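Following: one structure in structure tokens, then a few remarks.
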Amino acid sequence: MNLDWTKKEFEAYVLLYAAHCNHIEDDNEQAFIRSKIDDKTFHRMHTEVVVDSEEENLNKIQQYFRENEFTQKEKEVLLRNIKKVFFADGSVDYLEKKVFDILKKIFY
Numbered sequence: 000m001n002l003d004w005t006k007k008e009f010e011a012y013v014l015l016y017a018a019h020c021n022h023i024e025d026d027n028e029q030a031f032i033r034s035k036i037d038d039k040t041f042h043r044m045h046t047e048v049v050v051d052s053e054e055e056n057l058n059k060i061q062q063y064f065r066e067n068e069f070t071q072k073e074k075e076v077l078l079r080n081i082k083k084v085f086f087a088d089g090s091v092d093y094l095e096k097k098v099f100d101i102l103k104k105i106f107y
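Residue numbers are given in numbering that gives the first Met the number 0: position 101 of the sequence shown equals residue 100, and the series is strictly consecutive.
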């Protein structure tokens, strides 16, 4: 698949995937993500995350990450923002913990 995303679009996809991974998107999670990206990107990437299957979500994240270079700092910021999405609703559930571990493995 051809992913011609910018890094900002990739960040939006990953953060929206994190918010959607347990199939419960809290208003606080969405508000945090909206503070990081513009509305147009939010809506476009949100639609893509929701339409894609779980396997497609992870495959796209893995492919983009493999095909693009990220500095150590970029990786750390992205993981920190993923944690903030998970904690935005006040708790982290089992699925969110599993997804965080998977994403951490992809990034490192």
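Quick reminder that beta carbons are idealized off the backbone N, C-alpha and C, glycines included. On a predicted model such as this, the values are computed, not experimentally measured, just so you know.
Can you list, in chain order, the residues of its chain with a C-beta nearer than 6 Å to that of residue i? Leave out the 5 residues immediately preceding and following it.
| i | result |
| --- | --- |
| V49 | none |
| K96 | none |
By the 10 Å Cβ neighbour count, where 16 or more other Cβ atoms means buried, how is residue i classified, buried or exposed?
| i | result |
| --- | --- |
| H42 | exposed |
| I23 | exposed |
| K72 | exposed |
| T40 | buried |
| K59 | buried |
Among the residues of its own chain, which have a CB less than 7 Å from the CB of residue i, if the five just before and after it don't count?
| i | result |
| --- | --- |
| I81 | V13, L14, A17, F99 and L102 |
| C20 | L94, E95 and V98 |
| M44 | E8, A11, Y12 and L15 |
| E47 | Y12 |
| D25 | A87 and D88 |
| N56 | Y16 and V48 |
| R79 | none |
Could you name the residues of the same chain whose beta carbon sits closer than 8 Å to that of residue i, not counting the 5 residues immediately before and after it, in chain order?
| i | result |
| --- | --- |
| Q62 | M0 and L2 |
Answer yes or no: do residue i and residue j have a C-beta to C-beta separation smaller than 7 Å?
| i | j | result |
| --- | --- | --- |
| E28 | D92 | no |
| K74 | F31 | no |
| I105 | F69 | no |
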